[in-house]
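Quick note, the sequence shown lines up with residues 72 to 451 if you use the numbering used here.
The beta-carbon is built from N, C-alpha and C at its ideal position, and this holds for glycine as well.
I have placed the structure first, in the form of structure tokens, so that the comments after it can refer back to it.
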Amino acid sequence: MNNQFVQTISGMRPDEIARQAATPDAGLILCFFGADFDYEKLYHELKTTGKPFIGCMDTGRLLDDRYLLETDSAVALTLSSGLLAGVEVYCQDMRTRLSYNSIRVTSQELFQGALSRLHIDPANPDVERTVAINLLHGLQSANPVLEGQAATSLFFQSVGGSCGGKLDFKNAPAICSQGYGALAVTAIIKLKDDFKFTSDLTTSFERVDGQLEVTRIAAPRHILEINGQPAAEAYAALIKKSVGDLQPDDFALYTLGLEPGDGERLITSIMKGDGAGGLLTYNDVKEGTTFNLYRAVSQDSDRKNKFSAMDQSKMITLISFDCVLCYLARNAHDEIQSVANMYAQSLPGIPKIGFGTFSENYCGANVNQTETYLAILQNA
């Protein structure tokens, strides 16, 4: 699906993806690929074009009005240079051997440098025309990267997500113009005056009875005890299951969350059991935090209400960062095609791309089981 500023493509051959995406006026290429796609070849093919790009592995991807769930395909979106007053792409190492603080400090330094090269004032960024897209190695906490950016500019807008392939949680590479591997890759976009962006997030849950106090952790994403009991046992009891019967679909349907008082829910989802009675989560938790329990409900109406309210006549493209657990919840509610149809009906003819994330980030916050998105529009 194309317009004068954006094109989307899909395929199974890295050379064809790169050839079609790297148009003469390409200003930035975004690409998302399955766990069995040859992403190293894609990196090298895109690198030879000289065009800036970012991308990552995913568990499923949105292309225009359909979801692609196969593991051997890729999708790409090209933003024309006609949209962009400037773009900076950079990456940093996120291997798990690195400390939280070292990742945070490096993030801050890299973000400062990129803003300086784009002549963006960190204390007064243009909140309608400057935005960062983060694609982060999904086997490491996203928080130190986001904290480093926030320390540079508290008001800078950002969206994105943590990447990962199959639910064995073994592979989560990202790629960009500067490299590939266990990376955090960031593209900072500065739109021309004729354009602006909007970003938001949606969740689809209802609160159910039960609270879960984190009473002991082994690490920020490793809960040992909830309500003074082994974590998996306490969670399973609340959703009326046995520990041995817990499956990924259960973690997608019943999740942990907080309500900070601004009308939003901050969701923290469970990744899997640790095999010894504990639970691993997709983002950081602290001992003493008391979570509410939520059950996933239909995603169709919440998203339709959000997107139908947009000015379609001005919209150029939509980029979605949608939790893998939302994908699983759609499957449980038999909504995969109906939600895809919703995009077609609410945003007809508008190029769209997205990927299934291990966690999502929005304006410096790391959340779970949420869709965050970036829409680019023409100015009135």
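- Roughly how many whole angstroms lie between the Cα atoms of Glu-87 and Ile-294? Your numbering for residue 87 matches position 16 in the sequence shown. Your numbering for residue 294 matches position 223 in the sequence shown. Separation of Glu-87 and Ile-294 (C-alpha to C-alpha, rounded to the nearest whole angstrom) is 44 Å.
- Task: May I have the straight-line CA-CA distance separating Leu-309 from Asp-316, to the nearest angstrom?
- Result: Taking the sequence shown and counting its residues from 1, one reaches residue 309 at position 238. Taking the sequence shown and counting its residues from 1, one reaches residue 316 at position 245. So the two alpha carbons sit approximately 13 Å from each other.
- Grab me the residues of Gln-91's own chain with a C-beta within less than 7 Å of its C-beta, minus the 5 sequence neighbours each way, in chain order. As a position in the sequence shown, residue 91 is number 20, starting the count at 1. Ile-80.
- Distance CB(Phe-124)-CB(Ile-387) smaller than 8 Å: By 1-based counting over the sequence shown, the position of residue 124 is 53. By 1-based counting over the sequence shown, the position of residue 387 is 316. No.
- Message: Does Asp-299 pass the burial test, meaning 16 or more other C-beta atoms within 10 Å, or should it be called exposed?
- Response: Here residue 299 refers to the residue found at position 228 of the sequence shown. Asp is not the amino acid found at residue 299; the sequence shown has Gly there. With fewer than 16 Cβ atoms within 10 Å of its Cβ, Gly-299 is classed as exposed.
- Query: Using DSSP with H/G/I as helix, E/B as strand and the rest coil, what is Met-83?
  - Reply: If you number the sequence shown from 1, residue 83 lands on position 12. Three-state result, Met-83: coil.
- Query: What residues in its chain sit with their C-beta under 7 Å from that of Cys-397, if we drop five residues either side in the sequence?
  - Reply: Here the question's residue 397 lines up with position 326 in the sequence shown. Residues Gln-370, Gln-440 and Glu-442 of the same chain have their beta carbon placed closer than 7 Å to that of Cys-397, with the five preceding and five following residues left out of the count.
- Query: What are the start and end residues of the alpha helix (DSSP H) that includes Phe-76?
  - Reply: As a position in the sequence shown, residue 76 is number 5, starting the count at 1. Run containing Phe-76: none; DSSP gives neither H nor E here.
- Between Gln-179, Lys-122, Arg-137 and Ala-89, which lies nearest to Val-216 when the distance is taken from Cα to Cα? Indexing the sequence shown from 1 puts residue 216 at position 145. Closest option to Val-216, Cα to Cα, is Gln-179.
- Query: How many angstroms separate the CA atom of Gly-219 from the CA atom of Leu-169?
  - Reply: Here the question's residue 219 lines up with position 148 in the sequence shown. Here the question's residue 169 lines up with position 98 in the sequence shown. Each residue's alpha carbon lies about 15 Å from the other.
- Which runs of the alpha helix (DSSP H), 4 residues or longer, sit entirely within the region 279-360? Taken in chain order, the complete alpha helix (DSSP H) segments of 4 residues or longer contained in the region 279-360 are 302-309 and 319-324.
- Select from Ala-305, Val-256, Ala-436 and Gln-416 the residue whose C-alpha is nearest the C-alpha of Arg-166. Residue 166 sits at position 95 when you count from the first residue of the sequence shown. Among Ala-305, Val-256, Ala-436 and Gln-416, the Cα nearest to that of Arg-166 belongs to Val-256.
- Item | Boundaries of the beta strand (DSSP E) in which Gln-449 is found, first to last residue | Counting from 1 along the sequence shown, the entry for residue 449 is found at position 378. Its beta strand (DSSP E) spans residues 442-449.
- Identity of the residues DSSP links to Thr-274 by a beta bridge: Stepping through the sequence shown from its first residue, residue 274 is reached at position 203. When beta bridges are read from the DSSP output, Thr-274 appears opposite no residue.
- Closest Cα partner of Asp-136 within the set Ala-451, Gly-425 and Asn-412: Position 65 of the sequence shown, counted from the start, is the residue given in the question as residue 136. The shortest Cα separation from Asp-136 among Ala-451, Gly-425 and Asn-412 belongs to Asn-412.
- Relative to the C-alpha of Glu-406, which residue among Thr-94, Ile-341 and Ala-367 is closest? Looking up residue 406 in the sequence shown gives position 335. Distance from the Cα of Glu-406 is smallest, within the candidate group Thr-94, Ile-341 and Ala-367, for Ala-367.
- What did DSSP end up calling Ala-145 once you bin it into helix, strand or coil? Here residue 145 refers to the residue found at position 74 of the sequence shown. Ala-145: strand per DSSP, three-state reduction.
- Query: Is the shortest distance between the beta-carbon of Gln-318 and the beta-carbons of chain B less than 8 Å?
  - Reply: You won't find chain B in this structure, because it holds only one protein chain.
- How big is the Cα-Cα spacing for Cys-394 and Thr-428? The residue you call residue 394 lines up with position 323 of the sequence shown. The residue you call residue 428 lines up with position 357 of the sequence shown. If I take the Cα positions, the gap works out to 5 Å.
- CB-CB under 7 Å to Ser-417, same chain, minus the five flanking residues each way: which ones, in chain order? For this step, residue 417 is matched to residue 346 along the sequence shown. Only residues of its own chain outside the window of five on either side were considered, and among them Lys-375, Phe-378 and Ser-379 have a CB closer than 7 Å to the CB of Ser-417, listed in chain order.
- Query: Does the count of Cβ pairs from the region 282-293 and the region 185-200 closer than 8 Å reach three?
  - Reply: Under the 8 Å Cβ criterion, the region 282-293 does not count as touching the region 185-200, having fewer than three qualifying pairs.
- Message: With a threshold of 7 Å on Cβ separation, who are the neighbours of Asp-32 within its own chain once the five nearest residues in sequence on each side are excluded?
- Response: Limits of the chain in this structure are 72 at one end and 451 at the other, which puts residue 32 out of reach.
- Query: When the Cα atoms are used, what is the spatial distance from Val-359 to Arg-336?
  - Reply: Translated into positions along the sequence shown, residue 359 becomes position 288. Translated into positions along the sequence shown, residue 336 becomes position 265. According to the sequence displayed, residue 359 carries Gly and not Val. Rounded to whole angstroms, the separation of the alpha carbons of Arg-336 and Gly-359 is 19 Å.
- Out of curiosity, what's the CA-to-CA distance linking Pro-85 and Ala-302? Your numbering for residue 85 matches position 14 in the sequence shown. Your numbering for residue 302 matches position 231 in the sequence shown. Ala-302 has its alpha-carbon roughly 43 Å from the corresponding atom of Pro-85.
- Where Cys-247 falls: helix, strand or coil (DSSP): Sequence index remark: in the sequence shown, residue 247 carries index 176 (1-based). Cys-247 sits in a strand when the DSSP states are folded into three classes.
- From the DSSP output, in three-state form, read off Lys-261 for me. Looking up residue 261 in the sequence shown gives position 190. Here Lys-261 carries a strand assignment [DSSP, helix/strand/coil].
- Query: Where does Ala-436 sit, in a helix, a strand or coil, going by DSSP?
  - Reply: Sequence index remark: in the sequence shown, residue 436 carries index 365 (1-based). Per DSSP, reduced to three states, the secondary structure at Ala-436 is strand.
- Message: Let me confirm a value: Ala-213 is counted as buried when at least 16 other C-beta atoms fall within 10 Å, else exposed. Which label applies?
- Response: Looking up residue 213 in the sequence shown gives position 142. By the neighbour-count rule (16 or more Cβ atoms within 10 Å), Ala-213 is buried.
- Query: In angstroms, rounded to a whole number, what distance separates the CA positions of Glu-381 and Val-202?
  - Reply: Translated into positions along the sequence shown, residue 381 becomes position 310. Translated into positions along the sequence shown, residue 202 becomes position 131. Strictly speaking, residue 381 in this sequence is Met, with Glu absent from that position. So the alpha carbons of these two residues sit roughly 19 Å apart.
- Spatial neighbours of Ala-93 in its chain, beta-carbon cut-off 6 Å, leaving aside the 5 residues before and after: As a position in the sequence shown, residue 93 is number 22, starting the count at 1. The answer, listed in chain order, is Thr-120 and Lys-122.
- In or out: Phe-226 buried (at least 16 other Cβ within 10 Å) or exposed? Numbered from its first residue, the sequence shown carries residue 226 at position 155. Exposed, since its Cβ has fewer than 16 Cβ neighbours within 10 Å.
- Message: If you measure between the beta carbons of Asn-205 and Ser-187, is that distance less than 8 Å?
- Response: Locating residue 205 in the sequence shown gives position 134, counting from the first residue. Locating residue 187 in the sequence shown gives position 116, counting from the first residue. No; because the gap between Cβ atoms is not below 8 Å, this pair is not in contact.
- Per DSSP, the bridge partner or partners of Ile-204: For the purposes of this step, residue 204 is identified with residue 133 of the sequence shown, where counting begins at 1. Under DSSP, the beta-bridge partners assigned to Ile-204 are Val-230 and Ala-258.
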